[in-house]
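Below is one structure; the comments refer to it alone.
In this note's numbering, the protein residues as written are 2 to 238.
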């Protein structure tokens, strides 16, 4: 979605809230929140901004309208649709039908989709070159073999090689910095190094593992081997 938070149709959002049963003082508060709001910040006090919690919730409520004939997920302004079929032609038909419904929905609720960031991917174990013809708003969507969604890079055979290589490259950079700090006669002690590893390296290695670490293959064993190459074995809890 292009500038999804900035371009939410406020009257449409109010209508959806009413349909969901939000009325009375809560509805009036949200309605007033959407226009001419003011905020004060007190120095030396922890105060959240006006977009800390209500805005993501309202944004999600506003976008509960995509088609239901295929599966989908939305996080903030990132939307993904997928369909599982035995034959590519069937999947092409179902997704195109869903895209048509989504296009009508975006026009109705004044939501704009960024065409430069909209692609499709065919996940298959087939070695043959496969292509589909999917259009959105009159534009043919390009084929992307290695799409990235929420920071996780996929590949068409789900071997997770691009994701593993990306994780390894990022972690190597951070480990190199740790090695510079782990001098024998000077530098950070084990306590500091462990905090650095826990806060800077492990999050890179573990991000998205609930999705890609379930596969048992040489690609993931490569990631496991890399994880053991730490400056100090005592860094692992």
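Even for Gly, the Cβ is constructed at its ideal location relative to N, Cα and C.
Whole-number beta carbon distance between residue j and residue i, since they are thought to touch under 8 Å
i	j	result
residue 99	residue 82	6 Å
residue 138	residue 104	6 Å
residue 119	residue 142	6 Å
residue 74	residue 84	Not a contact, Cβ separation roughly 13 Å.
residue 95	residue 71	6 Å
residue 34	residue 18	Not a contact, Cβ separation roughly 11 Å.
Span of the alpha helix (DSSP H), counted from its first residue to its last, around residue i
i	result
residue 31	25-34
residue 19	11-20
residue 114	First-last for residue 114: undefined, no H or E at that position.
residue 101	89-109
residue 183	Per DSSP, residue 183 belongs to no alpha helix (DSSP H) and is neither H nor E.
residue 160	From DSSP, residue 160 is part of no alpha helix (DSSP H); its letter is neither H nor E.
residue 205	203-207
residue 195	191-197
residue 214	Segment: none, residue 214 is in no alpha helix (DSSP H) and carries neither H nor E.
Enclosing beta strand (DSSP E) for residue i [first to last residue]
i	result
residue 76	72-76
residue 83	79-83
Per DSSP, the bridge partner or partners of residue i
i	result
residue 137	140
residue 150	153
residue 121	144
Given residue i as reference, the closest of the options once Cα atoms are compared
i	options	result
residue 112	13, 213 and 214	13
residue 210	161, 188 and 197	161
residue 76	152, 32 and 86	152
residue 181	95, 197 and 167	197
residue 165	109, 212 and 18	212
residue 140	150, 195, 30 and 116	116
residue 130	179, 21, 183 and 158	158
residue 127	87, 24 and 214	87
residue 78	150, 195 and 89	150
residue 36	191, 190, 11 and 24	11
residue 155	23, 89, 214 and 31	214
residue 206	114, 167 and 25	167
Residue i beta carbon near the ligand GTP (any heavy atom closer than 7 Å)
i	result
residue 100	The ligand GTP is not part of the structure shown, which contains no ligands of any sort.
query: If we count Cβ pairs, one from each stretch, closer than 8 Å, do we get three or more for the region 122-129 versus the region 139-147?
result: yes
message: With three or more C-beta pairs closer than 8 Å as the rule, is the region 200-207 touching the region 174-189?
response: yes
query: Does the region 132-139 come within contact of the region 154-173, defined as at least 3 CB pairs closer than 8 Å?
result: no
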